[in-house]
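Undergrad: Numbering (my numbering), first residue to last: 905 to 1348.
The C-beta atom is built at its ideal place from N, Cα and C for all residues, glycine as well.
I have a structure I would like to understand better, so I am pasting it below and will then ask my questions one at a time.
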Ligand code: DOR
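This is the structure:
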């Protein structure tokens, strides 16, 4: 990550395409960031600063300046599994990926089911010059699905939501109480929707490919059945419900219907579920093992359509680093999960380049959409806003395998992919937390 030296230098983005869908802004102009705040946006706004000693002028030609991203779903593994990732390496990866805010899931060791663990995470994040970290507390003690956590304590300590991600809250009574309890503290309940009885022993999507490979499959209905139940519970309890990493066309349909009925339900999708199908598993590539599993073409189609029409509120990375110990083994034994913080934006720009998703929708789902779900003021190019911005080169071709990545492990099937579009610089909390402008996109 870049040093803090240049943090408070005035930045002038010259002739950049400034895009902020929430403001209806899309213009080629100058953007001036002074004292960590967006001071001016407009043609010639930086003229007076060119040549000034206190200003750094960054050529914006052919580049975009957009609100920095907000990830609702990352596994940074600290405390307890620092050999996979830690808060410093995870936040460095997030900065390189264009993120100003990262929510971290509670499936750490110990589980983040207490104020002490939440506070520890926040203290570790404060030592890092990087994006802001937001802990997500567990719904149940030890993520065991039985006893609710002290959600008021978690909230007071800094948690922004509750989730048992990695496991599903299977018991409907526990889920009902969780929705009621969390709503007292203004927190959404984030569900990992998987009926564990229907997925027992499953390691990939259930379909023609799993049959051919001889691997136990997890059927779509295992996800849909939980989402259907939870929507009914959210309606009954009048509370906020968020479905993590939805992956099936049925889940899309259920969410669309629930939203049309005016319920306060939201959902997220991962880059891998938007780009890959279960056919990727044909070579038994453990980097394609993930939970929920990669689905079929029709699911991918439904998810892309839902991103384009706004049914999907957020794109979440589900950044889940694992060491070779957990991935260089037979498919059945491998841990599920892909790392993704540094690749997400570039990978998904593919959908924009292909004309399948409008750029404004992609940017919304990466920033404003997720910010709203956790009650965060969305990153913005508004005058006077704290600068949480991201400079990107939409045309720069690169490959993850050819740059220095900050995450500790490279568990992704996208390592050799030629990606068109890259983050060059990230501002979080008004400070530069990633800077690869001088190196044309690759950080040393
Ligand atoms: O693939 C996954 N990996 N899905 C999850 O829900 C958890 C995550 C992890 O923690 O590795």
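Which runs of the beta strand (DSSP E) spanning at least 3 residues fall entirely within the stretch 1136 to 1194, listed in chain order?
TA: Within the stretch 1136 to 1194, the complete beta strand (DSSP E) runs of at least 3 residues are 1145 to 1147, 1169 to 1173.
Undergrad: Label residue 967 either buried or exposed according to how many other C-beta atoms from any shown protein chain fall within 10 Å of its C-beta, with 16 as the threshold for buried.
TA: The residue is buried, with at least 16 neighbouring Cβ atoms inside 10 Å.
Undergrad: Any idea what DSSP makes of residue 1326, helix, strand or coil?
TA: Three-state result, residue 1326: strand.
Undergrad: Check whether the Cβ of residue 983 sits closer than 6 Å to any heavy atom of the ligand DOR, and report yes or no.
TA: Checking every heavy atom of the ligand DOR against the Cβ of residue 983, none is found closer than 6 Å.
Undergrad: Using a threshold of 6 Å, is the CB atom of residue 1223 nearer than that to any non-hydrogen atom of the ligand DOR?
TA: Outside the cutoff, so no.
Undergrad: Quick check on this structure: which residue in 1223, 1060, 1157, 1239 has the alpha carbon closest to the alpha carbon of residue 1020?
TA: Out of 1223, 1060, 1157, 1239, 1060 has the C-alpha closest to the C-alpha of residue 1020.
Undergrad: Once you ignore the five residues that flank residue 997 on each side, which residues in its own chain have a CB closer than 6 Å to its CB?
TA: Excluding sequence neighbours, residue 997 sits near 1245, 1246, 1310, 1311.
Undergrad: Which of the three DSSP states, helix, strand or coil, is assigned to residue 1278?
TA: In this structure, residue 1278 counts as coil in the three-state DSSP scheme.
Undergrad: Secondary structure at residue 987, three-state DSSP: helix, strand or coil?
TA: Looking at residue 987 - three-state DSSP - the assignment turns out to be coil, as it is neither helix nor strand.
Undergrad: Rounded to whole angstroms, what is the Cα-Cα separation between residue 939 and residue 1292?
TA: One C-alpha to the other measures close to 12 Å.
Undergrad: Output needed for residue 1134: all residues of its chain with C-beta closer than 6 Å, excluding positions within five of it in sequence on either side, in chain order.
TA: So the list reads 1095, 1145, once near-sequence residues are dropped.
Undergrad: Do you know whose CA, among 1048, 926, 945, lies nearest residue 935's CA?
TA: Residue 935 has its Cα closest to that of 945, out of 1048, 926, 945.
Undergrad: Enumerate in chain order the residues of its own chain whose CB-to-CB distance from residue 1040 is below 7 Å, with the five nearest sequence positions on each side excluded.
TA: Closer than 7 Å at the Cβ level, and outside the excluded window around residue 1040, lie 1007, 1008, 1009, 1010, 1063, 1064, 1065, 1066, 1067, 1094.
Undergrad: Could you check if residue 954 is buried or exposed, using at least 16 other CB atoms within 10 Å of its CB as the buried criterion?
TA: By the neighbour-count rule (16 or more Cβ atoms within 10 Å), residue 954 is not buried but exposed.
Undergrad: Which same chain residues end up closer than 8 Å to residue 1211 when comparing Cβ atoms and leaving out the 5 residues on each side of it in sequence?
TA: 1173, 1178, 1219, 1255, 1261, 1265, 1266, 1269.
Undergrad: When DSSP labels each residue in this structure, what does residue 1007 get in the three-state scheme?
TA: Here residue 1007 sits in strand by DSSP.
Undergrad: In the structure shown, what three-state DSSP assignment does residue 1348 receive?
TA: With a pLDDT of 40 at residue 1348, under the threshold of 50, the modelled position of this residue cannot be trusted; read the value that follows with caution. Residue state, collapsed to three classes: coil.
Undergrad: Under the rule that 16 or more other beta-carbon atoms within 10 Å means buried, what is residue 1186, buried or exposed?
TA: With fewer than 16 Cβ atoms within 10 Å of its Cβ, residue 1186 is classed as exposed.
Undergrad: Among 1343, 1339, 1234, which residue has its Cα nearest to the Cα of residue 1000?
TA: For residue 1000, the nearest C-alpha among the options comes from 1339.
Undergrad: Quick check: is any heavy atom of the ligand DOR less than 6 Å from the C-beta of residue 1315?
TA: No, the Cβ of residue 1315 stays beyond 6 Å of every heavy atom of the ligand DOR.
Undergrad: For the alpha helix (DSSP H) that contains residue 1248, what are its first and last residues?
TA: Run containing residue 1248: 1248 to 1257, per the alpha helix (DSSP H) assignment.
Undergrad: Please name the residue in 1097, 1317, 1297 whose C-alpha comes closest to that of residue 1305.
TA: The candidate whose alpha carbon is nearest that of residue 1305 is 1317.
Undergrad: Within this structure, are the beta carbons of residue 1171 and residue 1138 separated by less than 7 Å?
TA: Taking 7 Å as the Cβ cut-off, residue 1171 and residue 1138 do not qualify as a contacting pair.
Undergrad: Assuming residue 1099 and residue 1130 make a contact with CB atoms under 8 Å, what is their CB distance in whole Å?
TA: Right, their Cβ atoms sit about 6 Å apart.
Undergrad: Going by beta carbon distance, what residues of the same chain come within less than 7 Å of residue 1050, once the five residues before and after it are set aside?
TA: Excluding positions up to five away in sequence, the list reads 1044, 1078.
Undergrad: Quick check on residue 1105: buried or exposed, where buried means 16 or more other Cβ atoms within 10 Å of its Cβ?
TA: Residue 1105 is exposed by the Cβ-count criterion.
Undergrad: Give the C-beta separation of residue 985 and residue 1015 to the nearest angstrom, bearing in mind that I take them to be a contact with Cβ-Cβ under 8 Å.
TA: Not confirmed; about 12 Å, so no contact.
Undergrad: Is residue 1241 near the ligand DOR, going by C-beta to nearest heavy atom under 6 Å?
TA: Correct: residue 1241 has its Cβ closer than 6 Å to the ligand DOR.
Undergrad: In this structure, how does DSSP classify residue 1074 when only helix, strand and coil are distinguished?
TA: Of the three classes helix, strand and coil, the one that applies to residue 1074 here is coil, per DSSP.
Undergrad: Output needed for residue 1238: all residues of its chain with C-beta closer than 6 Å, excluding positions within five of it in sequence on either side, in chain order.
TA: Excluding residues within five positions, the ones whose Cβ falls inside 6 Å are 1190, 1193, 1231.
Undergrad: Cα-Cα, which of 1083, 1225, 912, 1073 is closest to residue 981?
TA: Selected option, being the one with the closest Cα: 1225.
Undergrad: Have a look at the DSSP bridge pairing and note the partners of residue 1034.
TA: BP columns for residue 1034 are empty, so no partner.
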